[in-house]
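Numbering-wise (this note's numbering), the sequence shown opens with residue -2 and increments by one.
Even glycine gets a Cβ: it sits at the ideal position worked out from N, Cα and C.
The structure under discussion appears below in the form of structure tokens.
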Amino acid sequence: MNRATQLADIQSRIATACSKAGKPRSAVTLLAVSKTFPLSDILEFYSYGQTAFGENYLQEALDKITQLADHPNAQTIAPNLQWHFIGPIQSNKTKPIAENFSWVHSVDRLKIAQRLSEQRPTTLPPLNVLVQINTSGEESKSGVHPEQAEDLCKQIHGLKNIALRGLMTIPSNTDNSNQLKAEFLKCKSIFDSLNSKGFGLDTLSMGMSADLELAIECGSSCVRVGSALFGARDYSK
Ligand SMILES: *Cc1c(COP(=O)(O)O)cnc(C)c1O
């Protein structure tokens, strides 16, 4: 399949899932996860109308962002391209994230959020932040424990250069759909509970290539799709 067809295929999976869930197509946005793929692939998807791209590895992302800024047609080639950081964050690496991204999906500690707020250039709009929830209960996984989510969100809500927009989760690495569903629904219930307390969250980031339909059924408003768009990743390069 060529890239235009891959994108159309994912768009149609999202549209079908939205209609099954009784939601308008506009209820769900597609984040194209471009880790390990070059800027040229990103620009090709951009030319087909995809604007939001997610990256996990900071140095790799910064290389692509710099390449784009140095492109001879930098001003006109991709004026609406939006970078989302979705990977683990080390506290000594927050500055380039605050300076180069529009969204961060993987905030799970107050210290990280404070640094992002302090380091966000005031010439830019506030940094859109999602709090990552550890819904799988696995100790090794990133994300705040569900019971600490509300406290963390309260503290982040007060930070100056951050817009707290919602929650993100990466469920267990399993194809047991009952377990995945339980984890997605746990995140959705925290999201609803925060909104009932006035947080005004509008973004719930859950679902990837293999489980985007289930995630949408469970209330996702942003699916993060990598391999189903770009193809299998090769980490040996
Ligand atoms: C890699 C990655 C994805 C995309 O996964 P695919 O299964 O390739 O769609 C989504 N979210 C996060 C946080 C990732 O690291």
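DSSP places residue 106 outside both helix and strand once states are collapsed to three, so it counts as coil.
Within the same chain, and ignoring the five residues on either side of residue 97 in sequence, the residues whose Cβ sits closer than 7 Å to its Cβ are 59, 62, 80. For the pair of segments examined, the stretch 216 to 232 was found to touch the stretch 195 to 205: the number of CB pairs separated by less than 8 Å reaches three.
The beta-carbon distance between residue 129 and residue 140, rounded to whole angstroms, is 4 Å. This is short enough to meet the 8 Å contact definition. Relative to the Cα of residue 137, the nearest Cα in the group 50, 35, 168 belongs to 168.
Assigned with DSSP and collapsed to three states, residue 70 falls in coil, not helix or strand.
Inclusion of residue 178 and residue 211 in the CB contact set at 8 Å is warranted, their separation being smaller than that value. Annotation for residue 202: the continuous beta strand (DSSP E) segment containing it runs 200 to 202. About 18 Å separates the CB atoms of residue 77 and residue 123; that is not less than 8 Å, and the two are not in contact. Residue pairing by DSSP puts residue 128 in a beta bridge opposite 104, 164. For residue 219, the secondary structure class from DSSP, reduced to helix, strand or coil, is strand. One Cα belongs to residue 40, the other to residue 75, and the distance between them is close to 7 Å. Annotation: residue 24 to residue 233 spans about 37 Å, alpha carbon to alpha carbon. Distance between residue 114 and residue 186, taken at the CA atoms: about 27 Å.
Bounds of the beta strand (DSSP E) holding residue 50 are 49 to 52.
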